[in-house]
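Numbering (full-length UniProt numbering), first residue to last: 1 to 640.
All residues carry an ideal CB built from backbone N, CA and C; glycine is no exception.
For reference, the structure is listed below as structure tokens.
Written out as structure tokens, the structure reads:
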């Protein structure tokens, strides 16, 4: 099957730079919690007014209470909040309870006046009528008893007498906890749980495989390890135990591997690119822009010369025998530009011919308006319309040319889309890695454990540098434990040619085939599945209508049937896919998976990588079936 898929003064760290007359930043924090710096808290005690009854009835604090009192995490917050403003389980707190609550090892974060519920046995804490938001220190004597409707649950499943929310119920089911209706169970402070009224511990909630990620996805709290690491040695987190599936992404120049890798970072990472990467991307994009403009300038000059020669020939053979324009220097054509822009054009050509394009002052405000004007001329637009005749002007050039003025400004900051389109954006050390997982939670509440494990699986996409592929395969040593190889081929390479080191003209698609053969037959990839991603299908659909596929000798037998229901592009894609599948089968005796992908669309790359996940899942199930089918109990006497 084929799948389409107002500024604050800074404080110096040096004592010599600090001045007593300098204003203190409002966010500067002083820690007075040490034994010699308890004055703020003593002041709070002295400034507190107590009645005679309070003093007469005040008990000496226990050791735990004393520790909590002398080590407040934020004494200012205690002064800002009044005890009567905080309701816990329907009852306002007194001053002692507020101090205990805010001074415990794991207090509620950003506590504000309001109504809260608290399960002292498990440590769950939340706003009244809502699901839990935190897990605080358990066994605190604050507030009233926990009510069954504290979190406004409608699930008929109870934890420590509270009817839990739908999100909690889903969390339990995903963790493999049996939750029938009208079921009551007890959760202790360490996470151990049991059916209410029974003695047998059924398990530990916080040690459930993958629960930390599940809680994050469902916006539920997860405790620190100190809550569930007492006693027995800590069970390692499931995601740390489970091996990361490595996916090797390879392909020739302009095959789309760089775009797919960047797209994966954008789709799956909260911060896809660091500030250093964006700054490097800015310089790269600005240099690339000058290169695109230079290529068009050179092309415009060639096209103008062609037109002038045609005009010269025409006038030379005029019936009147008059040449009209003499040498044609004053003749105007569609590709002519004004003298002011001609100066800029000549400057760019000199830079390109000297081979020092990287030395161009990229952020040049003087050039930006001229370049914008140059791009807007009819001569440049006509040249751009004939870009297929120019030397490898990439399709992304127009994206950057249309915003040239903004790109050449000093304060330009590339967006994620700019970096996605940028050519030559690679990691500094050659190899590029991105760890990711498919973060959408399963839709089915009755998902089984196998599907849950697939959902929680982590992946590492590895992209090796393109340069050196053909000459040296030592980089394949990193690929010994990859789960699958993703090989990319650009569909529009069939009419592209280049001159190799021996001076021979080579078709790019044939070169892709040779490289493909070299990779799939490498001993490192013995018995490793391959997914062939045919990229740039949208451009291929346009090109095949104008340029015959048979221009590549390997595709000389492409003869689509007339009046076929599929488009020419679909027929061409299917034909090329079959070509590679037959080649792969002949070389390895195995099945090749094939899919198309539009690298510039995040949804398309996401679909392609999810297809990788399915392939790995099928491979796993196939192995499990083989192990089962070769068991001696599978055979009966009648089969012998």
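Check                                                                                                                                                                                     : Outcome
Who are residue 689's beta bridge partners in DSSP?                                                                                                                                       : Because the chain is modelled from 1 through 640, residue 689 falls outside the range shown and cannot be assessed.
Using three-state DSSP, classify residue 535 as helix, strand or coil.                                                                                                                    : strand
Near residue 528, which residues of its chain fall below 7 Å by C-beta distance, leaving aside the five closest residues on each side in sequence?                                        : 482, 484, 485
Should residue 140 be counted as a contact of the ligand ATP given a C-beta to heavy atom distance under 7 Å?                                                                             : Looking for the ligand ATP in the displayed structure turns up nothing, as the structure carries no ligands at all.
Is the beta carbon of residue 551 less than 8 Å from the beta carbon of residue 495?                                                                                                      : yes
Given this structure, state the Cα-to-Cα distance separating residue 564 from residue 537, to the nearest angstrom.                                                                       : 19 Å
Can you give me the Cβ contacts of residue 107 inside the same chain, cut-off strictly under 8 Å, excluding the 5 residues immediately before and after it?                               : 73, 101, 136, 137
Might you give, ordered along the chain, the residues of its own chain that have their beta carbon closer than 6 Å to the beta carbon of residue 181, omitting 5 neighbours on each side? : 156
Could you spell out where the alpha helix (DSSP H) holding residue 276 opens and where it closes?                                                                                         : 275-316
Measuring alpha carbon to alpha carbon, tell me which residue in 459, 574, 202 is nearest residue 246.                                                                                    : 459
Is the CB-CB distance between residue 540 and residue 491 below 8 Å?                                                                                                                      : yes
Can you list, in chain order, the residues of its chain whose CB lies under 7 Å from that of residue 335, leaving out five sequence neighbours each side?                                 : 300, 303, 304, 307, 379, 382, 383
Output the distance between the C-alpha atoms of residue 204 and residue 91, rounded to the nearest integer angstrom.                                                                     : 31 Å
Which residues in the same chain as residue 386 place their Cβ atom closer than 6 Å to its Cβ, once the five residues preceding and following it in sequence are excluded?                : none
So if DSSP puts residue 246 in a beta bridge, which residue, or which two residues, is it bridged to?                                                                                     : 460
Going by other Cβ atoms of all chains shown within 10 Å of its Cβ, with 16 needed for buried, is residue 163 buried or exposed?                                                           : buried
Any chance the stretch 182-195 sits against the stretch 116-130, with 3 or more Cβ pairs inside 8 Å?                                                                                      : yes
Let me know if residue 281 comes out buried or exposed under the rule of 16 or more other beta-carbons within 10 Å of its beta-carbon.                                                    : buried
Measuring only the C-alpha atoms, how far is residue 544 from residue 596?                                                                                                                : 16 Å
In three-state terms, what does DSSP make of residue 92?                                                                                                                                  : strand
Across which residues does DSSP place residue 488 in a beta bridge pair?                                                                                                                  : 251, 533
Does the stretch 141-152 come close enough to the stretch 169-180 to have 3 or more Cβ pairs within less than 8 Å?                                                                        : no
Output the boundary residues of the beta strand (DSSP E) element that contains residue 125.                                                                                               : 124-127
Please report the distance separating the alpha-carbon of residue 603 from that of residue 520.                                                                                           : 28 Å
Let me check one thing: in DSSP terms, what residues is residue 432 bridge-paired to?                                                                                                     : 463
What is the DSSP secondary structure of residue 380, reduced to helix, strand or coil?                                                                                                    : helix
Could you check what DSSP says for residue 512 in three-state terms: helix, strand or coil?                                                                                               : helix
Rounded to whole angstroms, what's the CA-CA distance from residue 129 to residue 195? Just pull it up for me.                                                                            : 24 Å
Round the Cβ separation of residue 273 and residue 419 to the nearest angstrom and send it over; I've been treating them as touching at under 8 Å.                                        : 6 Å
Assign residue 572 to one of three DSSP states: helix, strand, or coil.                                                                                                                   : helix
When you compare each of 337, 369, 222 to residue 209 by their alpha carbons, which one comes out closest?                                                                                : 222
Check this for me: beta carbons of residue 370 and residue 341, under 8 Å apart or not?                                                                                                   : yes
How should residue 132 be labelled, buried or exposed, when 16 other C-beta atoms within 10 angstroms of its C-beta is the threshold for buried?                                          : buried
CA-CA distance, residue 523 and residue 436?                                                                                                                                              : 28 Å
Within a Cβ cutoff of 7 Å, which residues of the same chain sit near residue 411, ignoring the five residues on either side of it in sequence?                                            : none
Quick check on residue 346 - is its C-beta less than 8 Å from some C-beta in chain C?                                                                                                     : The question asks about chain C, but that chain is absent: this structure has only one protein chain.
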